[in-house]
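If you read the sequences in order, they're chains B and L. Residues in the first sequence are numbered consecutively from 1, following my numbering. Residues in the second sequence are numbered consecutively from 1001, following my numbering. So the structure is just underneath, and the comments pick up after that.
Protein chains: 2
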Amino acid sequence: MTEQKKHNIWVVEDDHTFKSSLEDLIEMEDQFELVYSVNSIEKAFEGFATKRAPDVILEDIELPGMSGIEAISYYKKQYPRAAIIMLTIFDDDDRVFEAIKAGADGYLLKRSSGEEIIKAIKDVLNGGAPISPAIAKKMMRMLTGASSDKKESPLTKREQTILKLLVDGYTIDMISGELHISPFTVDTHTKNIYRKLHVHNRSSVVAKAIRDGLV
Amino acid sequence: MTEQKKHNIWVVEDDHTFKSSLEDLIEMEDQFELVYSVNSIEKAFEGFATKRAPDVILEDIELPGMSGIEAISYYKKQYPRAAIIMLTIFDDDDRVFEAIKAGADGYLLKRSSGEEIIKAIKDVLNGGAPISPAIAKKMMRMLTGASSDKKESPLTKREQTILKLLVDGYTIDMISGELHISPFTVDTHTKNIYRKLHVHNRSSVVAKAIRDGLV
DNA sequence: TTAAAAATACCGGGAACCCGGTATGGTCAA
DNA sequence: TTGACCATACCGGGTTCCCGGTATTTTTAA
Chain B
1 MTEQKKHNIW VVEDDHTFKS SLEDLIEMED QFELVYSVNS IEKAFEGFAT KRAPDVILED
61 IELPGMSGIE AISYYKKQYP RAAIIMLTIF DDDDRVFEAI KAGADGYLLK RSSGEEIIKA
121 IKDVLNGGAP ISPAIAKKMM RMLTGASSDK KESPLTKREQ TILKLLVDGY TIDMISGELH
181 ISPFTVDTHT KNIYRKLHVH NRSSVVAKAI RDGLV
Chain L
1001 MTEQKKHNIW VVEDDHTFKS SLEDLIEMED QFELVYSVNS IEKAFEGFAT KRAPDVILED
1061 IELPGMSGIE AISYYKKQYP RAAIIMLTIF DDDDRVFEAI KAGADGYLLK RSSGEEIIKA
1121 IKDVLNGGAP ISPAIAKKMM RMLTGASSDK KESPLTKREQ TILKLLVDGY TIDMISGELH
1181 ISPFTVDTHT KNIYRKLHVH NRSSVVAKAI RDGLV
């Protein structure tokens, strides 16, 4: 078979900039064809009726509305043979585990280079599972038991310090005074903590921190 | 016995002004000896190894770091025969009640006169317990109210329901929708929960609920 | 020696919280 | 039948949070 059919690709990503990069990247490859590119899961589902079936779906894991992980089962139901690659900014154990359990075939960090992303798509089409080295390492640890000997936190030192204080009920201003830094800085750290832990308010960050042993 | 040994006093108080007054007051009494005076619980614990055992410990109920109430059990373990008197600015029944349950022998309002303070110390050395009528009433109810012991939650059913939702990161409005009651009602319940658990914000209520197994 | 990550700092606006009140109907035990 | 407790509901005002930005310096890693 010297001549082979192009592989159909779907993209579901709400960040406009990254979405454009992906589109360009895919269109530059002869063997790929971008048949559908949308910015929400709801729109992706609309494609079930109108678009050519995908061989590969690239989907942001952190979409507004329905969680990207939740959507996986719907894709699988509609296109059992499609490979699903999740895209994410941060690599954390919870998400990886959930996504893989839900049926994702691969997992990519958004900061990967274009070459790495293309390679990942080709890998998954050949039955491989594109997992970033960092993620692979974490998965190994998960599978080889001992699961939580060290529980690597995705948070930086400073963020961990601030998280402890948040859990102890400190306000931004109190933390500012305690650490001798501007309240604006504390706010910034707090926002980053929220993003990394996938929460959107104090209560949830405290609950997650305690339950996951982050404090 | 006309001649008797002096009573050893420890002071744990972080307000410098009040701490000085206390020190002066105690040193003026012949039968008292101030053997250790510090401004934090951590420092107080250091005295376990180096200072003469106290007959009376005067401790601020509202210290930063470990709660003064929490510290009581440590003092009792170290010095079972020492009398512990809690110092408080406000006549906070709940706090004082908690302190007494934890093993405190009495409490004093900081605005008390020097004479009253000295009298309270002497009272407690003679087995008396300076308690306000309001506190006495609560204690009576608790004793006659049976059970209470164990880890019975002080929260009502409705409060427990709401607490669970708070821990899960729900806002007042979300809870209102979930339970089909007015947000004002949810607010009222929340305030009551705060009061009962002695916390003053979401973070603390979540942390306490999880750590105390209330959810 | 560079590029990336981390830590720092600032702003504005809308949302949510926190508190101290007041008030009313229902239930249940003394 | 009379307190008490509970669940419900409402208000105003000050505080704090949450988010989406932008931007500089310091530290770390390739």
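Glycine included, C-beta positions come from ideal geometry on N, C-alpha and C. Keep in mind it's a predicted model, so treat the numbers as computed, not measured.
| Asked | Found |
| --- | --- |
| Residue 1201 of chain L: contacting residues in chain B (beta-carbon distance under 8 Å) | 169, 171 and 202 |
| Positions along the stretch 152-167 of chain B whose CB lies within less than 8 Å of some CB in chain L | 166 and 167 |
| Residue closest to residue 39 of chain B, alpha-carbon to alpha-carbon, out of B/18, B/27, B/54 and B/184 | B/18 |
| Alpha-carbon to alpha-carbon, residue 1099 of chain L and residue 1206 of chain L | 22 Å |
| Residue 1148 of chain L burial status per 10 Å Cβ neighbour count (16 or more: buried) | Note on residue 1148 of chain L: pLDDT 29, under 50, position unreliable in the model; no value is reported. |
| DSSP-derived helix/strand/coil call for residue 1059 of chain L | strand |
| Straight-line gap, residue 75 of chain B to residue 41 of chain B (C-alpha atoms, nearest Å) | 10 Å |
| The stretch 175-203 of chain B: positions lying closer than 9 Å to chain L by Cβ | 199, 200, 201, 202 and 203 |
| Closest by C-alpha distance to residue 1088 of chain L, when choosing among L/1063, L/1079 and L/1027 | L/1063 |
| Status (buried if at least 16 other CB within 10 Å, exposed otherwise) for residue 114 of chain B | exposed |
| Continuous beta strand (DSSP E) stretch holding residue 1189 of chain L: start and end | Note, residue 1189 of chain L: premise wrong, no beta strand (DSSP E); alpha helix (DSSP H) at 1183-1197. |
| Chain B residues whose Cβ lies nearer than 9 Å to that of residue 1210 of chain L | 206, 207, 210 and 211 |
| Residue 52 of chain B versus B/68, B/171, B/16 and B/11, residue with shortest Cα-Cα distance | B/11 |
| Sequence-distant residues of the same chain with beta carbon closer than 7 Å to residue 1194 of chain L, five excluded per side | 1200 and 1205 |
| Top-ranked residue by Cα proximity to residue 1220 of chain L, from L/1048, L/1078, L/1050 and L/1123 | The structure shown does not extend to residue 1220 of chain L, since chain L is modelled only from 1001 to 1215, so the question has no answer here. |
| Between the CA atoms of residue 31 of chain B and residue 1166 of chain L - distance to the nearest angstrom | 51 Å |
| Buried versus exposed, by CB contacts within 10 Å (16 or more), residue 1180 of chain L | exposed |
| Limits of the alpha helix (DSSP H) - the one that residue 1106 of chain L falls within | Careful: residue 1106 of chain L lies outside any alpha helix (DSSP H), inside the beta strand (DSSP E) at 1106-1109. |
| Cβ shell of residue 48 of chain B (< 8 Å), same chain only, five flanking positions each side left out | 78 |
| Separation of residue 168 of chain B from residue 1186 of chain L, as counted between CA atoms | 24 Å |
| Residue-level contact to chain B via CB, residue 1147 of chain L, 8 Å cutoff | Summary for residue 1147 of chain L: the model assigns pLDDT 29, below 50, so the residue's position carries little reliability, and this model does not support an answer. |
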